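Numbering (the UniProt record's numbering), first residue to last: 1 to 451.
1) Buried or exposed for residue 123, going by 16 or more other Cβ atoms inside 10 Å?
2) According to DSSP, residue 106 sits in a beta bridge with which residue or residues?
3) Please report the straight-line C-alpha distance between residue 359 and residue 261, rounded to a whole angstrom.
4) Starting from the C-beta of residue 176, find all residues in its chain whose C-beta is less than 8 Å away, skip the five residues before and the five after it, and write them out in chain order.
5) Just verifying my parser: in three-state terms, what is the DSSP assignment at residue 443?
6) Pairing CB atoms from the stretch 342-356 with CB atoms from the stretch 264-272, are three or more of them under 8 Å?
7) Can you list, in chain order, the residues of its chain with a C-beta nearer than 7 Å to that of residue 439? Leave out the 5 residues immediately preceding and following it.
8) Expressed to the nearest angstrom, what Euclidean distance is found between the alpha-carbon atoms of residue 436 and residue 422?
9) Considering only C-alpha positions, which residue in the set 127, 213 and 291 is nearest to residue 137?
10) Roughly how far, in whole angstroms, is the beta-carbon of residue 265 from the beta-carbon of residue 355, given that I think they are within contact range, below 8 Å?
11) Looking only at C-alpha atoms, which of 230, 393 and 299 sits nearest to residue 340?
12) Can residue 160 and residue 133 be called in contact, C-beta distance under 8 Å?
13) Taking 8 Å as the cut-off, decide whether the C-beta atoms of residue 280 and residue 321 are in contact.
14) Out of 303, 397, 147 and 416, point me to the one whose CA is closest to residue 99's CA.
15) Which residues in the same chain as residue 141 place their Cβ atom closer than 7 Å to its Cβ, once the five residues preceding and following it in sequence are excluded?
16) Please report the distance separating the alpha-carbon of residue 336 from that of residue 375.
17) Are residue 135 and residue 149 close, meaning C-beta to C-beta below 8 Å?
18) What is the DSSP secondary structure of residue 309, counted as helix, strand or coil?
19) Less than 8 Å between C-beta atoms, sequence neighbours within five positions excluded: which residues of the same chain meet that for residue 238?
20) With DSSP as the reference, label residue 435 as helix, strand or coil.
21) In whole angstroms, what is the alpha-carbon distance linking residue 206 and residue 256?
22) Determine the closest residue to residue 323 out of 276, 145 and 371, with distance taken between C-alpha atoms.
23) Per DSSP, what kind of secondary structure is residue 99 in: helix, strand or coil?
24) Pick out whichever of 240, 401, 302 and 216 has its Cα sitting closest to the Cα of residue 139.
25) Quick one: grab the DSSP three-state call for residue 298.
26) Confirm, please, whether the CB-CB distance from residue 390 to residue 300 is below 8 Å.
27) Apart from the five residues on each side of it in sequence, which residues of its chain come closer than 6 Å, Cβ to Cβ, to residue 248?
28) Count the other C-beta atoms from every protein chain shown that fall within 10 angstroms of the C-beta of residue 403, then say buried if there are 16 or more, exposed otherwise.
29) Round the Cβ separation of residue 431 and residue 414 to the nearest angstrom and send it over; I've been treating them as touching at under 8 Å.
30) Going by DSSP in three states, residue 144 sits in which element: helix, strand or coil?
31) Could you tell me the distance, in whole angstroms, from the CA atom of residue 405 to the CA atom of residue 102?
32) Are the beta-carbon atoms of residue 312 and residue 230 separated by less than 8 Å?
33) Which same chain residues, not among the five before or five after residue 289, have their C-beta less than 7 Å away from its C-beta?
34) Report the option in 332, 298 and 352 whose CA atom is closest to the CA atom of residue 442.
35) Using CA coordinates, which residue listed in 332, 397 and 363 is at the minimum distance from residue 388?
36) According to DSSP, is residue 332 helix, strand or coil?
What follows is the structure, encoded as structure tokens:
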């Protein structure tokens, strides 16, 4: 509410406290609020009501939120800034768990959560569980269904920002305040360290986060009982590609650091890298499931040699097989693949640069270091680490040429209507946006090595 403004209670509606972010203030907001807090009326939920349903005309609007509810754990402010629900009898609003929306019991591991999610997160990290989602990594996590899928619940904990390090730091800071230093005492009387050096790492590593947010494989729905034709195969692949783009956007939103970029930069990177991500993921699946001999687009759609010989299929399959062969030749590990895929998302940028260029450079360097850690984890002989890094970064650079060939084929089939190849609305929008940028050279690759 505005200062000194009167709050009018309306039957069937409730007041919800929101925070307006400065980056969003110029995206059509009638009030230039900057970074501030205000309250809005929201209709109370009722059965059979769907007032909050909004049709998204483009998947990229998923990463352009207008309002964000910010908890006290993120801002370090009083509990009055947390997400609020219905008021208690005393008139004080309670806080909501940012994971399951149950009533929160406090700030646990840096995030306002309930006691159940607090215990779940601690056990998940300390037990180093490798949870797998039986669905599509998008299960609903609420008070009733939070125990149905531990994989999605753990991923939501990470997305909310939960971190065991936050509790450790809080304890250490508390001890520092309560125990004043006594320099006159001998060293033997100093307190022992609170956390022993042999204590296992409880903070989720970057690789564990990348594994937790990795999308599930999507099925194509291709009917193999019907005769194979080029147009039917390519139309199915395009529909599958549209679904994979949606999955890639959700994945990118969950990447640590990605949402720190300007919203326009996020969309630009996704629009420039969608085919890199899809072809690289295809290369990994084909290497992992078929040893690179066939193209595993989906569990129910594998392109064998016979299908590769169909008209219009041979050229693009040839380009994709090159990627698979590189996976086989280098015997890429899963950890290396995860880090390299993030670097491909960050491999093509506008020539004039990004709006948040400094943040982008820092994020990219972070994932380059993570690739180095994955190599060290794999290689026993440390003298070969640099050679391995050279080989993998050369593969990343070669993806530019491979994907350029795939883009040419994609553009050709898109503009040539006589081929009767269907493109979903999602890919149509992206390709229409990309064609002029690649033709006029307004984007540039970020290469590790000079040609």
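Virtual Cβ for every residue (Gly too), placed ideally from N, Cα, C. Note that the structure is predicted; figures quoted are calculated from it, not measured.
According to the data block:
1) exposed
2) 113
3) 6 Å
4) Per-residue confidence for residue 176 stands at a pLDDT of 48, beneath the threshold of 50, marking its modelled position as unreliable; no derived number is given.
5) strand
6) yes
7) none
8) 21 Å
9) 213
10) 5 Å
11) 393
12) no
13) no
14) 147
15) 99, 100, 152, 153 and 156
16) 7 Å
17) yes
18) coil
19) 421, 422, 423, 424 and 427
20) helix
21) 8 Å
22) 276
23) coil
24) 216
25) strand
26) no
27) 277
28) buried
29) 5 Å
30) coil
31) 50 Å
32) yes
33) 296
34) 352
35) 332
36) coil
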